[in-house]
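*Asks:* All residue numbers for the sequence shown refer to our numbering, where the first residue is 136 and numbers rise by one.
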Amino acid sequence: MNDGARRVAALGLILAAAAPPPAPDPLAPEAAPAATPFFVRPFAGEHRLLNVFDHDLPLGAADRNRRAVDWRGRRVRAGRAQDGHAGYDFAMPVGTPVLAAAPGRVVVAGAEAPHACHLRPGLASALWVKVQHALPPAPGSGAGNGEAEQIVTNYVHLSRIDVSAGDRVAAGQPLGLSGNTGCSTLPHLHFAAARTWYTRDGTRTGVWFDPSGWRGRGRDPWVQHPQGAASTRLWREGEAPAGL
Ligand SMILES: [Zn+2]
């Protein structure tokens, strides 16, 4: 569950080289791009939620504020969430089918570069899949206006991969089987989403966000952070896992 090296690898591929047009103000009410929810649950049935997306703040080991705040703005006590976690962890038996959350193109399918793991000695390398999706425009939003936003989803700690980089996948299509590979001590699926975004310094880059959105009181701490991004709720009706 140490996401450091994985974060670097995951974000690297969606960094955009082009000079950005004027950056929108991430704190403006309209900053969270409207979108038609298009995610389906990345597994069948329900599996226990082990870890939430930490809105305060999803910075991995760099987040040392000793608190985790979930999408409803609730502070989650230590032991029930990981400070700095940038995705969702679901406990599930090894061998559970893992499904694409949305249509897209597989951009990574393989083993992570070996990296240090805070949970045990030595290097860890998870099997993982990354899928790139185009964000469907909201009705009436003027499709084709500006640059297409890109969203990626990551599926980590797999025991088997059934797709290859370059494959087109449909929503709900099996990508492989869950497992306990890499920096993990119990069988689970790490599911995370990132989007291209203009940070407050105007850089267009890939940033983690919460596909469950933000329903907390006040402003989302993550959107106020210099490297933060707005969290748009992307679960289709009836598709959010329990508690999300
Ligand atoms: Zn995780």
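Even for Gly, the Cβ is constructed at its ideal location relative to N, Cα and C.
A quick note: this is a predicted structure, and the numbers were derived from the prediction, not measured.
To the nearest angstrom, how far is the alpha carbon of Gln362 from that of Ala197?
*Replies:* In the sequence shown, residue 362 corresponds to position 227, counting from 1. In the sequence shown, residue 197 corresponds to position 62, counting from 1. Cα to Cα, the separation comes out at about 13 Å.
*Asks:* How many Å lie between Pro356 and His190 at the Cα?
*Replies:* Indexing the sequence shown from 1 puts residue 356 at position 221. Indexing the sequence shown from 1 puts residue 190 at position 55. Pro356 and His190: Cα-Cα distance of roughly 6 Å.
*Asks:* Hey, would you say Thr320 sits closer than 8 Å to Leu379, going by beta carbons?
*Replies:* Position 185 of the sequence shown, counted from the first residue, corresponds to residue 320. Position 244 of the sequence shown, counted from the first residue, corresponds to residue 379. No, these two residues do not count as a Cβ contact at 8 Å.
*Asks:* Can you tell me which of Val298, Ala179, Trp370 puts its alpha carbon nearest to the alpha carbon of Arg240?
*Replies:* What you label residue 240 is simply residue 105 of the sequence shown in a count that begins at 1. Per the Cα distances, Val298.
*Asks:* Kindly give me the distance between the Cβ atoms of Gly351 and Val204, rounded to whole angstroms, as I take these residues to be in contact under 8 Å.
*Replies:* Position 216 of the sequence shown, counted from the first residue, corresponds to residue 351. Position 69 of the sequence shown, counted from the first residue, corresponds to residue 204. The pair is a contact, with the Cβ atoms about 7 Å apart (cut-off 8 Å).
*Asks:* Express the C-alpha separation of Pro238 and Ala328 in angstroms, rounding to a whole number.
*Replies:* Position 193 of the sequence shown holds residue 328. Position 103 of the sequence shown holds residue 238. If you take the alpha carbons of Ala328 and Pro238, they lie about 14 Å apart.
*Asks:* Compare the Cα-Cα distances from Arg215 to each of Asn186, Gly195, Leu194 and report the closest residue.
*Replies:* As a working mapping, residue 215 is identified with position 80 in the sequence shown. Comparing Cα-Cα distances from Arg215 to each of Asn186, Gly195, Leu194, the minimum goes to Asn186.
*Asks:* At a threshold of 7 Å, does Asn200 count as lining ligand 1 (C-beta to nearest heavy atom)?
*Replies:* One-based indexing of the sequence shown puts residue 200 at position 65. Not under cutoff, so the answer is no.
*Asks:* Taking 8 Å as the cut-off, does the region 256 to 265 touch the region 308 to 323 (at least 3 CB pairs, one atom from each stretch)?
*Replies:* yes
*Asks:* Assign Thr346 to one of three DSSP states: helix, strand, or coil.
*Replies:* By 1-based counting over the sequence shown, the position of residue 346 is 211. The residue asked about is misnamed: residue 346 is Pro in this sequence, not Thr. The answer is coil: DSSP assigns Pro346 none of H, G, I, E or B.
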